[in-house]
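In this note's numbering, the protein residues as written are 1 to 366.
Below is one structure; the comments refer to it alone.
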Amino acid sequence: VPDFEASEDPTQPGYYLQNIPFEQEQKEACYELIREALFQSGIIYREKMENRTLALKTFQELQTRFPEDSLHLPESYYLSYLMLMQDHRAEEAQQQRQFLLNDYPQTRQADYLRDEAFLAKLDAMYQSQDSLFAVTYQYFVEGASDAVVANCDYVDEHYPMSPLRPNFMFMRALEAVKQGDGDTFVRLIGEIAEKYPDTDLSALSSAMKTYWDEGRRPIGFDGFYLADGQTWEDSLAQLELDSLASLYSYNAAETHYLALAYSSDSINVNHLLFDVALYNFTNFLIRDYELSIEMLGAQEVLMIRSFENVEDVLRYVAWLNFQGQLPATKYPGLRILPISDSNLPLLQQRYSEDAYRRFLQDYYGE
């Protein structure tokens, strides 16, 4: 170790030498940072950038430089195997598989690759998971508890590596709340926070676990109510916008609702329902907003009921976000429409978005 004194003066040798690890303990700390950085870089290349070449190169460097890293190597071998199989490099993939089975036979990754039918199951998972989630969420919306539990348990047993597994687990946790099963709720949100730290639901589950431990409890609810709205043609389509807008009235003190208007061709209503329900569940523990799919004229909307007055609904709009994302960012094309109790019947029968937008600009500041 060279003889030097740490310094804040860039003209002194100590300024540069003070950050160089000379002692073995310092070197070990640096190696740990490098191992973690290589592993996380490989994950980012694979999952965020979808660059398998860089991901494989990074995992290979991790395996070469740190051949005894039992924390990261099992996942590195497993993911390298999957990527090499995707690239039709079966011989190299089998090498990664063998490294995993020989060096880390007791890991869950080894259990997966030990199954000869693993790839077939993985392919089936990717083909069915999205539709299964949509069906399960519809059951959740309709209050079909047995079907929700059955589907979530099926995913847990057959698709443990599904990227949607934490979503199923969270849905199962919310179902447990509806059934008054606090133990299952706490267990599941705890598992989400621990096993899926890089997902949006991890921080949320951790916060909910903290609320629970502090004695705060979510209110019970019986599910969401989907109304079959009647579709009308817009009989006032030929009228001037100002003339139509004059039909609406403004009363800041009366009950209000919030309509989220969308195109079903570009926005998945089940996902939108889930995000709104999740936002309400985690931010309004003492209020139970009713959600329903309704029609404003020929426009399908997600209706949120009810707000005490204008101030109440505008406060909700100002705070509304989906796991940190603005509604319009996560759902491009989504329109947010505050509606008073007096104006709702008019909009249900004779809806012109342009005219109502003009009214909102005049009275709601939009």
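Ideal Cβ placement from N, Cα and C applies to all residues, glycine included.
Since this is a predicted model, take the numbers as computed values, not measurements.
Legend entry - Contact check, L347 vs L314, beta carbons under 8 angstroms: no
Inset, instruction - Below 6 angstroms CB to CB, which residues in the same chain sit around K330 once its five sequence neighbours on both sides are set aside? - result: F322
Inset, instruction - Figure out for me which residue from S162, T107 and Y250 has the closest Cα to the Cα of Y126. - result: S162
Legend entry - Outcome for S340 when other beta-carbon atoms lying within 10 angstroms are tallied against a minimum of 16: buried
Inset, instruction - Report the rounded CA-to-CA distance for C30 versus S41, giving the unit in angstroms. - result: 16 angstroms
Legend entry - CA nearest to the CA of F281, picked from E68, I43, Y211 and L62: Y211
Legend entry - Spatially closest choice to S352 from Y248, Y112, L38 and N270, by CA coordinates: Y248
Inset, instruction - With DSSP collapsed to three states, give me the class of H158. - result: helix
Legend entry - For E290 and P345, the rounded distance between their alpha carbons: 18 angstroms
Inset, instruction - Please classify H271: does DSSP put it in a helix, a strand, or coil? - result: helix
Inset, instruction - Take S202 as the anchor and find which of E36, R305, L33 and G324 has the nearest alpha-carbon. - result: G324
Legend entry - 6 angstroms CB neighbourhood of Y196 in its chain, flanking five on each side removed: P166 and S202
Inset, instruction - Starting from A117, follow the alpha helix (DSSP H) in both directions and report where the run begins and ends. - result: From DSSP, A117 is part of no alpha helix (DSSP H); its letter is neither H nor E.
Inset, instruction - Could you tell me whether the Cβ of G333 comes closer than 8 angstroms to any Cβ of chain C? - result: The displayed structure is made up of one protein chain only, and chain C is not part of it.
Legend entry - Segment limits, alpha helix (DSSP H) that includes M171: R165 to K178
Inset, instruction - Less than 8 angstroms between the CB atoms is what I'm expecting for F118 and H72, so what's the real figure, rounded? - result: In fact, because the Cβ distance is near 21 angstroms, the residues do not count as touching under 8 angstroms.
Legend entry - CB-CB length for Q129 against L164, believed under 8 angstroms: 5 angstroms
Legend entry - Helix, strand or coil at P74 [DSSP, three-state]: helix
Legend entry - Span of the alpha helix (DSSP H) around S205: D200 to D213
Inset, instruction - Have a look at E142, E25 and S206 and flag the residue whose alpha-carbon is nearest the alpha-carbon of F170. - result: S206
Inset, instruction - Measure how close the beta-carbons of L79 and F59 come, nearest whole angstrom, since I'm counting them as under 8 angstroms. - result: 7 angstroms
Inset, instruction - Decide if the stretch 269-279 is in contact with the stretch 298-310; the criterion is three or more beta carbon pairs, one per stretch, under 8 angstroms apart. - result: yes
Legend entry - Cα-Cα separation, V372 to L326: Because the chain in this structure spans residues 1 to 366, residue 372 falls outside the shown range and cannot be described.
Legend entry - Alpha-carbon to alpha-carbon, L17 and Y137: 58 angstroms
Legend entry - Whole-number beta carbon distance between A253 and N309, since they are thought to touch under 8 angstroms: 5 angstroms
Inset, instruction - Give the single residue among Q96, P332, M208 and L113 whose Cα lies nearest to the Cα of I192. - result: M208
Legend entry - DSSP three-state assignment for Q361, whether helix, strand or coil: helix
Legend entry - L320 - partner residues in DSSP beta bridges: Looking at the DSSP assignment, L320 forms no beta bridge with any residue, so it has no partner.
Inset, instruction - Sort out for me which residues DSSP pairs V301 with in a bridge. - result: A261 and E294
Legend entry - Simplified DSSP state of L326, which is helix, strand or coil: coil
Legend entry - For I189, the first and last residue of its enclosing alpha helix (DSSP H): G182 to K195
Legend entry - Near the ligand FMN: R187 beta-carbon under 7 angstroms from a heavy atom: Among the components modelled here there is no ligand, and therefore nothing to report on the ligand FMN.
Inset, instruction - Answer yes or no: do S381 and G333 have a C-beta to C-beta separation smaller than 8 angstroms? - result: The question about residue 381 has no answer, for the chain in this structure spans 1 to 366.
Inset, instruction - Check the DSSP bridge columns for D340 and list the partner residues they point to. - result: Contrary to the premise, residue 340 reads as Ser rather than Asp in this sequence. According to DSSP, S340 bridges with H256.
Legend entry - Where the alpha helix (DSSP H) through S41 begins and ends: Q24 to I43
Inset, instruction - Note down, in chain order, each residue of its chain lying with its Cβ closer than 6 angstroms to the Cβ of Y356, except the 5 sequence neighbours on either side. - result: none
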